[in-house]
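S.K.: The structure under discussion is supplied below as structure tokens; questions concerning it will follow.
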Amino acid sequence: MLDIVSVDEVQHTIEVPAAVAMVNLLGYEDSVLRALERALPQVAIHVRHHTITLTGARAEVDFARELFSELIAVVAAGEMLSAEAATRAAAIARSGLARPTDLLATNILSTRGKTIRPKSLGQKSYVDAIDSHEIVFGIGPAGTGKTYLAMAKAVVALHEQRVRRIILTRPAVEAGESLGFLPGTLTDKIDPYVRPLYDALHDMVDPDAIGQLIAAGTIEVAPLAYMRGRTLNDAFIILDEAQNTTPEQMKMFLTRLGFGSKMVVTGDVTQIDLPGRVPSGLLLVREILRDVDGVQFIELSSADVVRHRLVADIIDAYARWDEDSALGRR
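Just so you know, my numbering puts the end of the sequence shown at 320, numbered straight through with nothing missing.
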């Protein structure tokens, strides 16, 4: 119901269905409501029981009404909102590029008491590309979910028996891919390089089952050098930190693709650790494979960062510094 309050203000009342739990909509101790108030500074939001009243300029009230309608639909479908989700939903709605429900209702994996879903338009494009292409490159800064979302898609593919195994690999740059001189067993040698992959895996698979899956070969975690000479059939293969591959290593890895398999390659081209003037295989492959059918490149940015708010600000600040330095401003 829309009422005219004054020449400059209107008021709209939303009746939330009784079946919708208000705590799921407004958040614990109204944390979601507070987030929405920050995202809608020009709209006064008043809640009484199952009635939400919005007051402000017509355009802003109309926007707020549409946003609340989307959020109510998400909660009615069984989801519980968080302050972070509400903030991102408002930003997505404000962009006009998508509806909040396109993201908030897209669940990749629900496990161990948490639901994994894309949290930005870039992340949604990334997971959609993984569904529709055999080889996907996720390129972007730290915190954009490149590896984490790929891992979630791999676990789902394994659960649904679309693949028989998951293979996780990274280049061991600091050891020059020559691990023989390091002390300990193979597991001891490679553990420091693949630990981030294990960390993501532990979020998605029962820790007690991980050892059994690795022992059975259903999950394999190994340095990139161990991929040479193999053909990887019926597998979901993730190459992490791909900016630290040489062009030869990248070609070697990509040509391991077998029948019934999918590859996801992730990397951050601003964090290349290769020695000397060795070129990055990730930089080169963007030019070589950009027009190859079945291969998709997804570029993520600071807008897709889902870590602490400051992480996105830090990434942007470094990007400006690098640009100024390249132009000789520093």
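Note that the Cβ used here is the ideal one computed from N, Cα and C, for glycine as well.
Which of the three DSSP states is assigned to Arg267 in this structure?
M.R.: Three-state result, Arg267: coil.
S.K.: Could you check whether the segment 78 to 95 touches the segment 34 to 47, counting it as contact only if at least three pairs of C-beta atoms, one from each stretch, sit closer than 8 Å?
M.R.: Counting Cβ pairs under 8 Å, fewer than three are found: no touch.
S.K.: I want to know whether the segment 258 to 272 touches the segment 99 to 113 - three or more CB-CB distances under 8 Å.
M.R.: The segment 258 to 272, when compared against the segment 99 to 113, does not touch it at the 8 Å Cβ threshold.
S.K.: Using 8 Å as the threshold, is the segment 150 to 165 in touch with the segment 276 to 292, meaning 3 or more CB pairs across them?
M.R.: Segments in contact, no.
S.K.: In angstroms with no decimal places, state the Cα-to-Cα distance between Ala232 and Met217.
M.R.: If you take the alpha carbons of Ala232 and Met217, they lie about 14 Å apart.
S.K.: Note the first and the last residue of the continuous beta strand (DSSP E) segment covering His2.
M.R.: Looking at the DSSP string, the run of the beta strand (DSSP E) that includes His2 is Val0 to Glu5.
S.K.: Taking buried to mean at least 16 other C-beta atoms within 10 Å of its own C-beta, is His149 buried or exposed?
M.R.: Exposed, by the Cβ-count rule.
S.K.: Nearest to His2 by CA position, among Asn234, Ala54 and Val296, is which residue?
M.R.: For His2, the nearest C-alpha among the options comes from Ala54.
S.K.: Starting from the N-terminal side, write out each stretch of the beta strand (DSSP E) that is 3 residues or longer and does not extend beyond the segment 50 to 134.
M.R.: 99 to 101, 104 to 106 and 125 to 129, all fully within the segment 50 to 134.
S.K.: Counting C-beta neighbours from all protein chains within 10 Å, is the total for Glu56 16 or more, i.e. buried, or is it exposed?
M.R.: Exposed, because fewer than 16 other Cβ atoms sit within 10 Å of the Cβ of Glu56.
S.K.: On the premise that Val33 lies in contact with Val51, defined as a C-beta separation below 8 Å, what is that separation, rounded to the nearest angstrom?
M.R.: The Cβ separation is near 6 Å, so the contact holds.
S.K.: Can you tell me whether Gly135 is buried or exposed? The criterion is at least 16 other CB atoms within 10 Å of its CB, across all chains shown.
M.R.: By the neighbour-count rule (16 or more Cβ atoms within 10 Å), Gly135 is buried.
S.K.: Who does Gln286 pair with in a DSSP beta bridge?
M.R.: The partner list for Gln286 (beta bridge, DSSP) reads Val126.
S.K.: Measuring alpha carbon to alpha carbon, tell me which of Pro237, Thr235, Ile209 and Glu289 ends up nearest Asp224.
M.R.: With distances taken between Cα atoms, Asp224 lies closest to Ile209.
S.K.: How should Thr221 be labelled, buried or exposed, when 16 other C-beta atoms within 10 angstroms of its C-beta is the threshold for buried?
M.R.: Answer is exposed; the Cβ neighbour count stays below 16.
S.K.: What residues are listed by DSSP as bridge partners for Thr256?
M.R.: Thr256 pairs with Gly128.
S.K.: Residue range of the alpha helix (DSSP H) that Val146 falls in?
M.R.: Here the alpha helix (DSSP H) through Val146 covers Lys136 to His149.
S.K.: Buried or exposed: Asp121, going by 16 or more other Cβ atoms within 10 Å of its Cβ?
M.R.: Label assigned to Asp121: exposed.
S.K.: Tell whether a beta-carbon distance below 7 Å holds between Val254 and Gly133.
M.R.: Not in contact: Val254 and Gly133 (Cβ atoms no closer than 7 Å).
S.K.: If you compare alpha carbons, which of Ala25, Ala9 and Ile106 is closest to His39?
M.R.: Ranking the options by Cα distance to His39, first place goes to Ala9.
S.K.: Determine the burial state of Gly271: buried for a count of at least 16 other Cβ atoms within 10 Å of its Cβ, exposed for fewer.
M.R.: Answer is buried; the Cβ neighbour count reaches 16.
S.K.: Measure the C-alpha to C-alpha separation of Arg267 and Asp312 and round it to an integer number of angstroms.
M.R.: Each residue's alpha carbon lies about 19 Å from the other.
S.K.: Where do the N-terminal and C-terminal ends of the alpha helix (DSSP H) with Val295 fall, by residue?
M.R.: Counting along the chain, Val295 falls outside any alpha helix (DSSP H), and DSSP gives it neither H nor E.
S.K.: Opposite Ala225 in the DSSP bridges: which residues?
M.R.: DSSP lists Arg155 as partners of Ala225.
S.K.: By Cβ distance below 8 Å, which residues in the same chain neighbour Arg107 in space, the five residues on each side in sequence not counted?
M.R.: Closer than 8 Å at the Cβ level, and outside the excluded window around Arg107, lie Leu93, Leu94, Thr96, Asn97 and Ile98.
S.K.: What's the C-alpha gap between Glu(-1) and Thr159?
M.R.: Cα-Cα distance, rounded: 58 Å.
S.K.: What do you get for Ala29, buried or exposed, if any count of 16 or more other CB atoms within 10 angstroms of its CB means buried?
M.R.: Ala29 is buried by the Cβ-count criterion.
S.K.: Can you tell me whether Ala76 is buried or exposed, with buried defined as 16 or more other CB within 10 angstroms of its CB?
M.R.: Label assigned to Ala76: buried.
S.K.: At what residues does the beta strand (DSSP E) containing Pro213 begin and finish?
M.R.: Its beta strand (DSSP E) spans residues Ile209 to Pro213.
S.K.: According to the neighbour-count rule (16 or more other Cβ atoms, all chains shown, within 10 Å of its Cβ), is Ser251 buried or exposed?
M.R.: Looking at its Cβ environment, which holds 16 or more other Cβ atoms inside 10 Å, Ser251 is buried.
S.K.: Expressed to the nearest angstrom, what Euclidean distance is found between the alpha-carbon atoms of Ala165 and Thr236?
M.R.: No answer about Ala165 holds up, because its pLDDT of 42 lies below 50 and its placement is not dependable.
S.K.: Mapping the DSSP letters down to three states, classify Arg220 as helix, strand or coil.
M.R.: In the structure shown, Arg220 sits in coil (DSSP, three-state: anything other than H, G, I, E or B).
S.K.: Check whether the Cβ atoms of Ile305 and Pro131 lie closer than 7 Å to each other.
M.R.: A contact, by the Cβ cut-off of 7 Å.
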